Structures are given as C-alpha cells and as structure tokens.
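Protein chains: 2
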Amino acid sequence: MDRPVCILGLGLIGGSLLRAVVSTGRIAWGYNRSFGSVEAARSDGYDAENDLEAVLRRAAVADALVVIAVPMTAVDSVLDAVARYAPNCALTDVVSVKAEMAGAVAAHGLSARYIGGHPMAGTSASGWIATDEDLFRNAVWVVSVDDGVDPDVWTTVARLALSVGSVVVPAASDEHDRAVARVSHLPHLLAETLAAVGAAGGDLALRLAAGSFRDGTRVAGTSPTLVNAMCEANAAGLTAALDDAIERLVQAREALSNDSSTAELVDAGHTARRRYDDQLQWWEITDVTIGVGDWVTALRDAGRRGGVLQSL
Amino acid sequence: MDRPVCILGLGLIGGSLLRAVVSTGRIAWGYNRSFGSVEAARSDGYDAENDLEAVLRRAAVADALVVIAVPMTAVDSVLDAVARYAPNCALTDVVSVKAEMAGAVAAHGLSARYIGGHPMAGTSASGWIATDEDLFRNAVWVVSVDDGVDPDVWTTVARLALSVGSVVVPAASDEHDRAVARVSHLPHLLAETLAAVGAAGGDLALRLAAGSFRDGTRVAGTSPTLVNAMCEANAAGLTAALDDAIERLVQAREALSNDSSTAELVDAGHTARRRYDDQLQWWEITDVTIGVGDWVTALRDAGRRGGVLQSL
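Those protein sequences? They're chains A and B, same order as listed.
Residue numbers 1474 to 1785, in the working numbering, belong to the letters of the first sequence in order.
Residue numbers 1474 to 1785, in the working numbering, belong to the letters of the second sequence in order.
The structure is reproduced here in structure tokens:
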C-alpha cells in the first residue's frame, strides 16, 4: 500500500494532483491558504483544509509524502511549517525551478528526505476551477537526481509521477534549470518581444499580422504575474539562454546587413526544429536500478540523453 | 464585364488565384515555367500554358489585368517579357515585398500601369497541388498606394482582391515592407532562434519542451529556401525590426541580471498581444472616393490606422 499524499497548495497543479492521486485509489488530502479553493475542493468531494498545522500534523502521523505546490514566492513560509510539524516526512514539490527550491529546502534543514520534482504540464488557466485529473497523463515529470539523494525517497517520488500517468525524466537540479530556461522560459520572453515589436509597427502592422505572428505571440497572452514569477525564479539559467538568443540574432542581423543572407540562422533553426520533431517519441531507461552502484550518475547521464522511466 | 486576368506563375498563390477568379465567372488564364504545373492545372480544367510570349500576347489583345505571381528572384525575367509583349496592360503582383518590386517595375518602364499587391494568405505548402480557390476568403490583401498612382488601375487591382473574398488594406510600399518585417518576417527569425537555442540545450532540453516551445518554433518547420527568400528580399525593413527586437531583449537581459525583474518586457508584450486580439475585427474605410481629391494620402492614412475596404 502506497503511503498517503499530502498536497500543500490546490491551484492548477496541486489541485489536479489531488484529483489524480485520489483517482488511483490512494488516500490524499490537501491544504490551501484561501478558503474559497478549500470549499470548492470539498464540494467536489475532496479532503481539503486551510489549517496548515493540522494538515501537516496529520501527514506526520500517517507518514505521508508531502508535496509542495505553492508558487516559489510562498515556499519559505510553507517550509517553515513543514520543518516544525512534519520534518521526517518524505518531501517533494512541483515548482518550476529546482536549484532555488533545493536551496530553500536545505536552508530549512529538510534536504535528507527531499527530492525535487517538476511536472511539465499546465495551461495558462489557474486555480481549482481549472484542475483536471488527467493533467499529468503522458506528461514529462522531472525528478531531481542530485548527489547524495536517498534512493527510497527518490523511488517514492518517481512512483507518484508514474502513478498519475507521467513518464519520469531524471535530471540534476541545475541541469533542469538550464534546460527549462531554453525551452520553457525563453519562449515567453521571445513571444513578449515579438508582440511588442509588432505593436510598435502600429495598427497597420497588427492588421497585416497572420499565422506566424499569432502562433509566435500566443503565450504573451499568459498573465504577466505568472510569467514574471516563472522567469525571475530562474534568473541565472534564463540569462544564459537570453545571451545565446541575443548572440544568434545579432549575428543574423550582421549577416543580413552585410551579406544580404539569413541562411545561417534559418538553416540552424530548421535543423533544430526537425530534431525536436524527430525525438518526440521517448526512449526508456532500462539499465539502471535505483540505489544500486552509481545509479545517480547513470540516471543523470540517461536523462541528459533524453531517456525516461516508464515504470519502476 | 471585368477585364480578363492573366496570371504569371501557378504556385500556391498564383494557382489559387486562378481557381478563385475562374470561380467568380471571370475569364482567366495562367502561365507557369515548368510544364508539370501547367499539366496539373489543365487536368483540373484550367487554361494554362508554359509559353510566356503567347500568354502575354493574348493578354495584350484582350486588355487583361496581368498578375505577377513568381518568386522575387524570378521577377526580372518575367518583367522583361511583360515590357516586350504586353506593356500597356494593367499590371499587379502578389509578391511579399513591395518597394523592391516597385523598383523592378520602374526599371522596366512599367510603372504607369502598375499597382503592387500582397495577399496575406498562404501556408507552408507550395505548388499547384496545394492550391485552393478559397485561399483569399476573409484574407487581408494589401494594395499599394504610392504617389502618382493611376486611380483606374488602382480600382482594377483592388476589385480583383475584393472579388475573391479578401478585404483591401491600402498602404504605401515602404510602409507595407516595414510592417510585414515586424509581423511576418521577424516571427520566422525568432522561431528559428528559439529552435536553435532549445536544441543547443541538448536532448534533455528538447525532452522538456512543451507547448510554448512547440508554438514558438512552428514556423521554423517552413522550408529554409522560402524563409530566406522572403526575409532577404526585405532586408532593410527586417534589419530595423531585428534591431528593435534585439534592443528589447538586451534591456530585458540587463533588467533580469541587475534587478531580477522581467516585468518591463512582459508587461509590454502582454499589452501588445491584447491590443492585437482587440483589433482582430476590422473597420471599414467609407469616406474616400478613389481618384477624387487627395485620395492617395487619405487612403494611406486610413490604412495606417488599420482600416480596410470591403467594397468599391
């Protein structure tokens, strides 16, 4: 019997996870600070409270897996409570940056039982109203493999992801952050840039905008609060990704101006997009046993090459 | 009775225009250099030839409207033939840059009867096989209004666009080029950049890429030959748009690095995208009569403010 799950934060990700875990027949309950979401969850038949201390005391008694599902800006106060009321529980999170999160966990003395996580799922919607028990089905869920991690907690967290239909990608926290800066945070800043440059062309430019502009600016429709929180929490990784993008654009600008050619950037981009299309199918990591030998290095290497775990 | 239409080039745009014009009951015929497309058009019941001289002599006899629908790189040789065999026909084009096209027309002594055009329609598909008689329905079709244009030819060209279901946006050639650089050419270079930066993050980054990356790189799947031809023909406008984009990204990079904030760019982008959504509905220009008073300036002003003509 899997241990119960205690989810702190019932927004889109946390709330969907509560639905998904309960749908597998497992015991789970949630906490949310605002009572509105708690009442909405309850009226849908879920076990929810807005008393953080009580929720965590219950987790400690039941030896539950505690999942932090609040925005990065609210993590410290939640960790204060975890350290006080449930310091020995296995602990994970679904926050979109991993190095800063691991640092916060370490600052609260909770690293020994902690494994970071990041389900690559979500929409621009938010709150309990948007929750979906199928949100994690066929999604990619990163589970951190940093030096010295506890193999039992790692297995517990990876199984949570697998149990709700995701595949697990193992990655070191800092490598995760650098990767998502390129494929998840940079896309937002480029979309914002395209929207702003288009609008600076006035009503004529916006009138002439068609499919390439519409697709390229879609995520600029996301709430600025969410985008800023996501980007600012990964400042180091995103700065490096921005530098790479700026360098390529400056080179393209020079090539266009000096040689009337965009071929170098366009060829590189087209090749890259084809590589992305070609590897949409994942490959399974089958040669690593959790806790045996140098499993940490082996898992990180496999994740770096695009491998996933589909079962444990 | 509208004059017949002679279309030079039967690719996606020219071929679709032949289908669309014939479907309105008007006489039209086409030329294509490769005989494969001519045969394909004929087997679909259309009047097509690969003898450019014969096609243009027929246009001269019938006083047809001649439409240039070949890539910018093939425009000069087509204009040579127009100047020789049909110099007095009304002339337009569907090429995606307008200033360079107008310059080529002027170099062939054909400006007096020429009005540039650019239907903002098309897909990443190409060739007769991709043609569609409804391609221009509800599309925006730019018709150039430069100083000294002939009001009768202007009306002829605008009516062609209206007859196939498009709305007409009047714009000066250079203003058109600057606008499409921002909303139609820059989106391609940003998509290529995002794809390349993502792939530079390796298989892990591509494994973690989700909706924002997929949407943001979609047009990087377009054939590099088409993208380069489009971008390189609008070098001046695109260089300015790139400079604007690079400046915004450099400022965002500094703000992120110095103040841990992405708010300025994100707020500007979000506001811009909302402005784009808000003006998807067009407004109709009703206070300008073609050929009367300073109609050229009045049309340009209205087009600059996002107005369209829905009838003439």
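For each residue, glycine too, the CB sits at the ideal point set by N, CA and C.
Everything numeric in this text was worked out from a predicted model, so none of it was measured.
H1743 of chain A: not part of any beta strand (DSSP E); member of the alpha helix (DSSP H) spanning 1736–1751, first to last residue.
Excluding residues up to 5 positions away in sequence, P1624 lie with their Cβ nearer than 6 Å to the Cβ of G1764 of chain B in the same chain.
For H1591 of chain A, the secondary structure class from DSSP, reduced to helix, strand or coil, is strand.
Shown here for H1649 of chain B: same chain residues with a beta carbon closer than 6 Å to its own, the five before and five after excluded, namely K1571, V1615 in chain order. For R1632 of chain B and D1688 of chain B, the gap between their C-alpha atoms comes out near 36 Å. Across the stretch 1699–1711 of chain A, CB contacts with chain B closer than 8 Å involve V1700, N1701, C1704, E1705, A1708, L1711, in sequence order along the chain. Listed along chain B are I1719, each with a C-beta nearer than 8 Å to that of V1723 of chain A. Within the same chain, and ignoring the five residues on either side of A1537 of chain A in sequence, the residues whose Cβ sits closer than 7 Å to its Cβ are R1476, P1477, V1478, C1479, C1562.
Legend: CB atoms of the stretch 1737–1748 of chain B lying less than 8 Å from CB atoms of chain A belong to residues L1738, V1739, D1740, A1741, G1742, H1743, T1744, A1745, R1746, R1747, R1748. C-alpha of A1542 of chain B to C-alpha of V1739 of chain A: approximately 24 Å in a straight line. Taking the beta carbon of E1665 of chain A as reference, the chain B residues within 9 Å of it are R1721, A1725, T1735, L1738, V1739, D1740, A1741, G1742, H1743, A1745, R1746, listed in sequence order.
Per DSSP, the beta-bridge partners of E1757 of chain A are A:V1781. Under the rule that a run must span 4 or more residues, the alpha helix (DSSP H) segments found entirely inside the stretch 1612–1692 of chain B read 1624–1636, 1646–1653, 1659–1673, 1675–1681, 1684–1689.
Below the 7 Å Cβ cutoff, chain B contributes no neighbours of G1590 of chain A, its closest Cβ being approximately 13 Å away. Under the three-state reduction of DSSP, G1776 of chain A is assigned to helix. Of A:V1723, A:V1555, A:A1702, the smallest CA-CA separation from A1580 of chain A is found for A:V1555.
In the DSSP annotation of this structure, the continuous segment of the alpha helix (DSSP H) that includes G1509 of chain B starts and ends at 1508–1516. Taking 7 Å as the cut-off, the Cβ atoms of A1559 of chain B and V1539 of chain B count as close.
Comparing alpha carbon positions, the residue from B:F1508, B:L1677, B:A1775, B:E1606 closest to Q1754 of chain A is B:L1677.
Secondary structure of L1529 of chain B (DSSP, three-state): helix. According to the DSSP assignment, A1577 of chain B belongs to the alpha helix (DSSP H) that extends over 1572–1580. For the stretch 1622–1633 of chain B, the set of positions with a beta-carbon nearer than 8 Å to some beta-carbon of chain A is empty. At a cut-off of 7 Å between beta-carbon atoms, G1776 of chain A makes contact with chain B. Each residue's CA atom was taken as its position, placing D1524 of chain A and S1510 of chain A some 13 Å apart.
Residue pairing of V1540 of chain B in beta bridges, as defined by DSSP: B:I1480, B:T1565. Taking each of B:G1684, B:W1627, B:M1703 in turn and checking the Cα distance to W1768 of chain B, the smallest one comes out for B:W1627.
Taking a Cβ-Cβ cut-off of 8 Å, the neighbours of Q1752 of chain A in chain B comprise D1676, L1679, R1680, given in sequence order. Only residues of its own chain outside the window of five on either side were considered, and among them L1608, F1609, A1612 have a CB closer than 6 Å to the CB of A1594 of chain B, listed in chain order.
At least one beta carbon of chain A lies nearer than 7 Å to the beta carbon of G1779 of chain B. Interface flag for P1643 of chain B against chain A is unset, since no Cβ pair is found closer than 7 Å.
Under DSSP, E1522 of chain B shares a beta bridge with B:Y1504.
Judged by DSSP secondary structure, A1702 of chain B falls within the alpha helix (DSSP H) whose first and last residues are 1697–1705. Counting along the chain, I1719 of chain B sits inside the alpha helix (DSSP H) bounded by residues 1708–1732.
Rounded to the nearest angstrom, the gap between the Cα atoms of D1549 of chain A and A1521 of chain A is 21 Å. Interface with chain B (7 Å Cβ-Cβ cutoff): R1655 of chain A is included. With respect to the 7 Å criterion, V1578 of chain A and Q1783 of chain A are not classified as neighbours on the basis of their beta carbons.
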